[in-house]
Amino acid sequence: MHNKLIGIAKLWKSRSDLENAEINIKWLQQNVVTCSNIHLNTKPWVFSHIPKTAGTSLESYLAQGFALKDILHVNAPDLNKLPQCIYLKNKYAQLITGHHPIHGMLYQLLPKHKLVHLSMMRDPFYRIVSYYNYVASREYHALHQQIKHLSFDAFLQQDNMVELNNAQAKRFAGLLHSDIAIADSDLYNNAKYTVDNCFSLIGVTEYFNQFHQLLGKICGISFQSLPPINRSKVKIQLTDLTKKQLQMIRQNNRVDIQLYQYVKSKFLTQVNS
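Put into structure tokens, the structure is as follows:
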């Protein structure tokens, strides 16, 4: 099995992000169960974690439904280096969590049967502020040295940080690391298609409790209440931002704002149904 997984990884690396996204989207829309059909007996569960959406906290809730030996947390860069890690102790992990864009290798390594696929979005304004606080306060982060002394204005103008420009929509569209020019309307439509066809449920950070409560209701389990995890030291708050800074975030995240509003509305409809 390990040799098979390594072979799949080599094929994935030989393709463009768009080619891999197309393959993954086609497979996911055929195999992802709908929200009403989420069940603990459906394996695996995959949580695609968008950074700074309270995903680490959600992972701690999801883990309550699985044995520790059946859980794998791995981010895309590490999985790309060691694809065989997905096959733990000669079997697939039953809960897989981590940062995985829709064009990621993960989806081509999964067993070819039904799965539960989850994610969360966050209000882009709060998410950008949270990302700044996170990188600025984490010495181990790859970008820490670059921004630790930057003002928030200077931070927003960094051109090598994918998280600052419609990163949530680009993840869903398979364009997170792509330089391909794409109209806002096309990016939105591509991301929305993935949201609607490739996920069992996508929640929003601002309704975090409702997300795990809805999952518990569908699956018939009661999650134990847990404290937030991975909160950053606060250097700046949304209320500290100037009109210019807010406008810059808005300008660079027009699609994320539109997609977030759509996902939030869809999620609240699911909660209230």
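When you line the sequence shown up against my numbering, it's residues 84 to 356, in that order.
Heads up, the beta-carbon is just placed ideally off N, CA and C, and yes, glycines get one too.
Remember, predicted model here, so these are calculated numbers, not experimental data.
Inset, instruction - Determine the direct distance from the alpha carbon of GLN113 to that of LYS347, and round the result to whole angstroms. - result: In a straight line, the C-alpha of LYS347 is about 24 Å away from that of GLN113.
Inset, instruction - May I ask which residues mark the beginning and end of the alpha helix (DSSP H) holding MET84? - result: MET84 -> no alpha helix (DSSP H), and no H or E assigned at all.
Inset, instruction - Using DSSP bridges, identify the partner residues of TYR209. - result: DSSP, once it has assigned bridges, lists no residue as partnering TYR209.
Legend entry - In chain order, each alpha helix (DSSP H) run of at least 4 residues that lies wholly inside the region 307-349: DSSP runs (the alpha helix (DSSP H)) wholly in the region 307-349: 326-335.
Legend entry - Element boundaries [alpha helix (DSSP H), containing ILE106]: Going by DSSP, ILE106 is part of the alpha helix (DSSP H) stretching over 100-114.
Inset, instruction - Taking all protein chains shown into account, decide if LEU342 is buried (16 or more other Cβ within 10 angstroms of its Cβ) or exposed. - result: A residue is called buried once 16 or more other Cβ atoms fall within 10 Å of its Cβ, and LEU342 is buried on that count.
Inset, instruction - Please determine, among SER143, VAL338, ILE89 and ASN120, the residue with the shortest C-alpha to C-alpha distance to ALA266. - result: When only C-alpha atoms are compared, the closest one is VAL338.
Inset, instruction - Could you tell me which of MET203, TYR144, LEU239 and LEU201 sits nearest to ASN216, measuring between CA atoms? - result: Minimum Cα distance to ASN216 is reached at LEU239.
Inset, instruction - Just mark ARG333 as buried or exposed, buried being the case when its beta carbon has 16 or more other beta carbons within 10 Å. - result: ARG333 is exposed by the Cβ-count criterion.
Inset, instruction - Determine the direct distance from the alpha carbon of LEU247 to that of ALA264, and round the result to whole angstroms. - result: Inter-residue distance for ALA264 and LEU247 is about 16 Å (C-alpha atoms, whole angstroms).
Inset, instruction - Using DSSP bridges, identify the partner residues of PHE130. - result: DSSP output for PHE130 lists THR180 and LEU201 as bridge partner(s).
Inset, instruction - With a 10 Å radius around its C-beta and 16 neighbouring C-beta atoms as the bar for buried, classify THR277 as buried or exposed. - result: Buried: at least 16 other Cβ atoms inside 10 Å.
Legend entry - Per-residue burial, PRO160 [other beta carbons within 10 Å of its own, 16 or more giving buried]: That one is exposed.
Inset, instruction - In angstroms with no decimal places, state the Cα-to-Cα distance between MET188 and MET244. - result: MET188 and MET244: Cα-Cα distance of roughly 21 Å.
Inset, instruction - Out of LEU111, ASP236, ASN355 and ASN336, state which residue places its alpha-carbon closest to the alpha-carbon of ARG205. - result: Restricting attention to LEU111, ASP236, ASN355 and ASN336, the CA atom closest to the CA of ARG205 is found in ASN336.
Inset, instruction - Please name the residue or residues paired with HIS300 in a DSSP beta bridge. - result: Rather than His, the amino acid found at residue 300 in this sequence is Lys. The beta-bridge partner set that DSSP reports for LYS300 is empty.
Legend entry - Distance, THR322 Cα to TYR214 Cα: THR322 has its alpha-carbon roughly 15 Å from the corresponding atom of TYR214.
Inset, instruction - Leaving out five residues on either side along the sequence, give the residues of the same chain with a beta carbon under 6 Å from the beta carbon of TYR223. - result: Legend: pLDDT at TYR223 = 48, less than 50; position of this residue unreliable, value from coordinates given subsequently. Hits under 6 Å: none found.
Inset, instruction - Report the rounded CA-to-CA distance for GLY90 versus GLN241, giving the unit in angstroms. - result: Taking the straight line from one Cα to the other gives about 37 Å.
Legend entry - the region 92-101 touching the region 172-180, judged by at least three CB pairs closer than 8 Å: Segments in contact, no.
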